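Those sequence lines, one after another, are chains D and C.
Note that UniProt numbering has the first sequence beginning at 1, numbered continuously upward.
Note that UniProt numbering has the second sequence beginning at 1, numbered continuously upward.
One structure is given below, encoded as C-alpha cells.
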Amino acid sequence: MQKFFSNRRLVMVVIILVICFGLMAGSVSLRNRRSTPPLIQQFGNDIVGFADGIVAVPANAVSDGMSSVGQLFNTYSENRALKQQVTDLAQTKVRDQTLAHENKQLKQELKLNKSLTDYNTVTASVYMRTPSAWQKQLVINKGESNGIKKNMPVMSGSGLIGRIAEVNKTNSKVELLSNTNDAANRFAITLDASGKAVNGIITGYDAASGELIMGQVTSKAKIKAGTKVSTSGMGGVTPKGLYVGKVSRVGKDDYGLAQKIYIRPAANFNDINIVTVAEPA
Amino acid sequence: MYRLSRLRFIFPIGLFLALFLDGSLSNLWAKLYFAYPYSMVSELVILWLVLSYFFEQDISIPLIPFSIAAGVVFDLYSSGILGLNIFLFPLIVELTKVLSRYFSPSFLTIIMIFFVDIVVLMTLTYWAYSLVGITSMGIGDFLLFSLTPTLALNLVYFVIFYWPVSVLYQHALNDQRV
C-alpha cells in the first residue's frame with residue numbers, strides 16, 4: 001500500500017482525476033450550449049457511426065424478423081379489429097384532406113405562409129441505445145446533412161419520444177423524455193378541457209408509472225382522463241400538434257394549489273426502431 | 001509477438017464488435033434491460049478485455065492503448081460525455097492485471113475478477129455521474145436497481161461467452177505454431 005501511494009503515483013492520480021472531471025464538466029456544458037459538437041468530434045462520430053451501421057443493420061434485421069414471427073400469432077384478431085377502424089379512417093382521411101386543402105386556401109387568402117402547424121419530417125432508424133443506467137439516449141442515422149438541428153422534437157410511431165441532443169454530420173443523438181436530466185423533457189404542451197385550452201410544459205417523468213407530468217397548471221378547468229395532449233408550438237422550435245399522449249389522472253401539487261396532470265405517453269420509450277424528426281417548415 | 005499473431009486482427013475486431021453490440025443489444029432488448037425499476041448495463045467491452053487478458057497466453061496484446069481507444073469511441077459516440085471511460089477502461093485493465101497476480105487463472109477466479117471489475121466500473125461511473133449532475137439517484141437505489149441487475153446480466157454474458165472466446169483464442173494461437 002505504501003508503495004502504491006508513492007508521491008509520483010499520487011500526483012499522477014490527482015492529475016488524471018482533474019483531467020477526467022475537467023473533460024466531463026466541459027463536455028456536459030458544451031453539449032448544452034452549442035448547437036453542434038466541435039468539428040473533430042463530429043468527424044470521429046461520423047466514422048464510428050458508419051462502422052456501427054455494419055453491426056446495427058443486421059441486428060435490427062434479425063429483431064424485425066423475430067418480431068414479425070411474434071406478430072403473426074395475433075394477426076387474425078388484430079385484422080378484424082383493424083378492418084372496423086379502416087372504414088372510420090377512410091372518412092377521417094377524406095375529411096382531413098378537405099380541411100387541409102381549405103386551410104391552405106384560407107392561409108393564402110390571409111397571406112399567411114408558415115404557421116405553427118407546418119412542419120416537414122425526416123425518418124431515421126436507430127443505430128444504438130447508450131448502454132448506461134442513467135443516460136436514456138439513442139443514436140439515429142440521420143444528421144446535419146439531412147437537415148436535422150439541435151432541439152428538434154423526435155417522434156416514434158404514435159407519439160413524441162424526445163428531442164435531438166447532439167448533431168453530427170451523418171448521425172445524431174436523441175434524449176428520451178424518460179431521461180431524468182433537467183432539460184430533457186421540457187416541451188410546451190396543450191390540452192383541451194371542454195372547450196378551454198390548458199397550456200403548460202412537461203415538468204417531469206414518473207418512472208414508476210411511466211407517466212409524464214405536466215405540473216404547475218393553475219387553470220381551474222375540469223380535465224377529464226383520456227383527453228388527448230399535443231405540443232402547443234410555443235417556444236418556436238417545436239411545431240404545433242405533435243401527439244404526446246392521453247391524460248391518465250389529475251392530481252394536486254404538493255401544496256394543493258396547482259393541478260398536476262399525469263399523461264400516459266403514446267409511445268413506448270423502450271421499443272423504438274424507427275423515429276421521425278419534425279423540423280418546422 | 002502481437003504484431004505477427006492472428007490476434008492483431010481478431011482482438012481489435014472483437015473489441016469494436018463488443019462496443020457496437022453493447023449499444024445494439026441495449027436498444028433491441030430495451031424492454032428487458034430497462035424494465036422499471038431495473039436498469040442493466042451491457043458491458044461486453046469489459047468482458048472482451050478481461051477474457052483477452054487471460055487467453056492471450058504468451059502474446060502480450062497492447063491492452064491499455066486499445067482500451068483507451070475503446071473508451072474514446074464509447075465516450076464520443078455512445079454517451080456524448082467525454083472523459084469518463086477514456087480513464088475507466090484502462091483502469092479496469094490495470095485492475096485485472098493486479099488482481100490476476102494473486103490467483104491462478106481458472107473459470108471461477110476469472111469470473112470473480114470480472115465481478116470485481118464490473119462493481120468497480122459501475123461504482124466509479126455512478127460516483128462521477130452524480131458529481132457532474134447527470135444522475136441524482138440515491139446510493140441505495142443504485143445498489144439495488146442498477147448494480148445488482150448489471151452484475152446479473154454480465155455474469156450471464158460471461159457464462160455464455162467464456163467457452164467460445166477461449167476456443168477462438170486457442171484456435172488462433174495454435175495455428176500460429178504449426
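Heads up, the beta-carbon is just placed ideally off N, CA and C, and yes, glycines get one too.
All figures in this text were calculated on a predicted structure; none of them were measured in a lab.
- For the pair residue 237 of chain D and residue 191 of chain D, the CB atoms are not nearer than the 8 Å cut-off.
- Considering only D/140, D/274 and D/206, the residue with the shortest C-alpha distance to residue 77 of chain C is D/140.
- Straight through space, the alpha carbons of residue 85 of chain D and residue 29 of chain D are spaced by roughly 48 Å.
- At a beta-carbon threshold of 8 Å, the residues of chain C lying near residue 165 of chain D are 80, ordered along the chain.
- Distance from the CA atom of residue 193 of chain D to the CA atom of residue 156 of chain C, rounded to whole angstroms, is 50 Å.
- Spanning the alpha carbons of residue 209 of chain D and residue 20 of chain D requires a straight line of approximately 36 Å.
- A straight-line Cα-Cα distance of about 28 Å links residue 128 of chain D and residue 281 of chain D.
- For residue 45 of chain D, there is no enclosing beta strand (DSSP E); the residue is found in the alpha helix (DSSP H) stretching over 39-73.
- Bounds of the beta strand (DSSP E) holding residue 153 of chain D are 153-156.
- Inside the segment 128-158 of chain C, DSSP marks no whole beta strand (DSSP E) run of 3 or more residues.
- With respect to chain D, the C-beta atom of residue 4 of chain C has no partner C-beta closer than 8 Å.
- Within the same chain, 154, 174, 175, 176 and 177 come within 6 Å of residue 162 of chain D by CB-CB distance, once the 5 residues on both sides are set aside.
- Counted as a single uninterrupted DSSP element, the alpha helix (DSSP H) harbouring residue 12 of chain C occupies residues 7-28.
- Just measuring C-alpha positions, the residue of D/276, D/279 and D/272 sitting nearest residue 26 of chain C is D/272.
- In the structure shown, the three-state DSSP call for residue 59 of chain C is coil.
- DSSP places residue 83 of chain C outside any beta strand (DSSP E), giving it a letter other than H or E.
- Residue burial annotation: residue 37 of chain D is buried, with at least 16 other C-beta atoms found within 10 angstroms of its C-beta.
- Among the bridge pairs identified by DSSP, residue 259 of chain D is matched with D/217 and D/252.
- Per DSSP, the beta-bridge partners of residue 189 of chain D are D/200 and D/231.
- With a threshold of 8 Å between beta carbons, residue 131 of chain D makes contact with chain C.
- The beta carbon of residue 135 of chain C sits closer than 8 Å to some beta carbon of chain D.
- Not flagged as an interface residue toward chain D: residue 115 of chain C, since no C-beta distance is shorter than 8 Å.
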